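Visitor: Numbering (the numbering used here), first residue to last: 1 to 239. Heads up, the beta-carbon is just placed ideally off N, CA and C, and yes, glycines get one too. These figures come from a predicted structure and were not determined experimentally.
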Ligand code: GLP
């Protein structure tokens, strides 16, 4: 696993954008696996700037997202569809018809079938990842076992606690989500994780301990042949 130490959040965002830019320029029709959360926001901002000012072309790019809350429609301002539109898709020349974020409302089984069908026929060139404070990837929560394909998860209390900052109250945070499984993530050709903030525990387990642990799903990244972690210096110094 390649580890890149970034000076700060903005530097990490630029380094991550460099990796995505290279892929987009070399494979202008590829599928990007995208993620939500505060970690990739700076990278999305930088990619949008490069699209606007430097001709980085997303017109033939496809995308598929890691996860979505169950119960939130794509127009809800905390849905991951809304996040992707407002943080990236509205600011680049991607065709939104070529972007896929799993549906959060309606029949969960049907939504998962659609999600799995799309994942089965998609080769993800690079999957962007953040990490939850408990080590979750997408919404693959820690447990005895992990899942291969897209599935529904009951969110851990620590995840609800961590994500309540975006909602009016903790009670408003959805209790369930649909997410790519660990297999879907691991089958991407490349992985890139941006890790910063208060993620000492997950960062230590991912980068320092030689242990693959379903109770800390991000440790599975170590098994991937082409994985890069971009970590902020401040956090790297703490682990
Ligand atoms: C959510 C998402 C994860 C993301 C995590 C961390 O739980 N489902 O995919 O990695 O948030 O978010 P942040 O980057 O804001 O720390």
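How should residue 111 be labelled, buried or exposed, when 16 other C-beta atoms within 10 angstroms of its C-beta is the threshold for buried?
Guide: Classification for residue 111: buried.
Visitor: Figure out for me which residue from 78, 123, 155 and 105 has the closest Cα to the Cα of residue 71.
Guide: Ranking 78, 123, 155 and 105 by Cα distance to residue 71 puts 105 first.
Visitor: Between the stretch 63-78 and the stretch 226-234, can you find at least three pairs of beta-carbon atoms closer than 8 Å?
Guide: The stretch 226-234, when compared against the stretch 63-78, does not touch it at the 8 Å Cβ threshold.
Visitor: State the Cα-Cα distance for the pair residue 192 and residue 18, rounded to the nearest angstrom.
Guide: Whole-angstrom Cα-Cα distance: 12 Å.
Visitor: Taking the beta carbon of residue 223 as the centre, do at least 16 other beta carbons fall within 10 Å, making it buried, or is it exposed?
Guide: Under this definition residue 223 is an exposed residue.
Visitor: Hey, how far is the Cα of residue 55 from the Cα of residue 13?
Guide: Those two C-alpha atoms are separated by around 19 Å.
Visitor: Apply the 10 Å Cβ neighbour rule to residue 35 and answer buried if 16 or more other Cβ atoms are within range, or exposed otherwise.
Guide: Buried: at least 16 other Cβ atoms inside 10 Å.
Visitor: Less than 7 Å between the CB of residue 154 and some heavy atom of the ligand GLP, yes or no?
Guide: Every heavy atom of the ligand GLP is 7 Å or more from the Cβ of residue 154, so no.
Visitor: Where are the alpha helix (DSSP H) runs, 4 residues long or more, that stay fully inside the stretch 94-128, in chain order?
Guide: Those alpha helix (DSSP H) runs which fall completely within the stretch 94-128 and span 4+ residues are 108-120.
Visitor: Below 7 Å, is the gap between the Cβ of residue 107 and the nearest heavy atom of the ligand GLP?
Guide: Flag unset: Cβ of residue 107 not near the ligand GLP.
Visitor: Quick one: complete alpha helix (DSSP H) runs, 4+ long, within the stretch 20-104?
Guide: Counting only runs of 4 or more, we get 41-54 and 80-87.
Visitor: Thinking C-alpha only, which one of 59, 9 and 101 is nearest residue 320?
Guide: With the chain represented from 1 up to 239, any question about residue 320 goes unanswered, as that position is not in the structure.
Visitor: Got a sec, what are the start and stop residues for the alpha helix (DSSP H) residue 201 sits in?
Guide: First-last of the alpha helix (DSSP H) with residue 201: 200-207.
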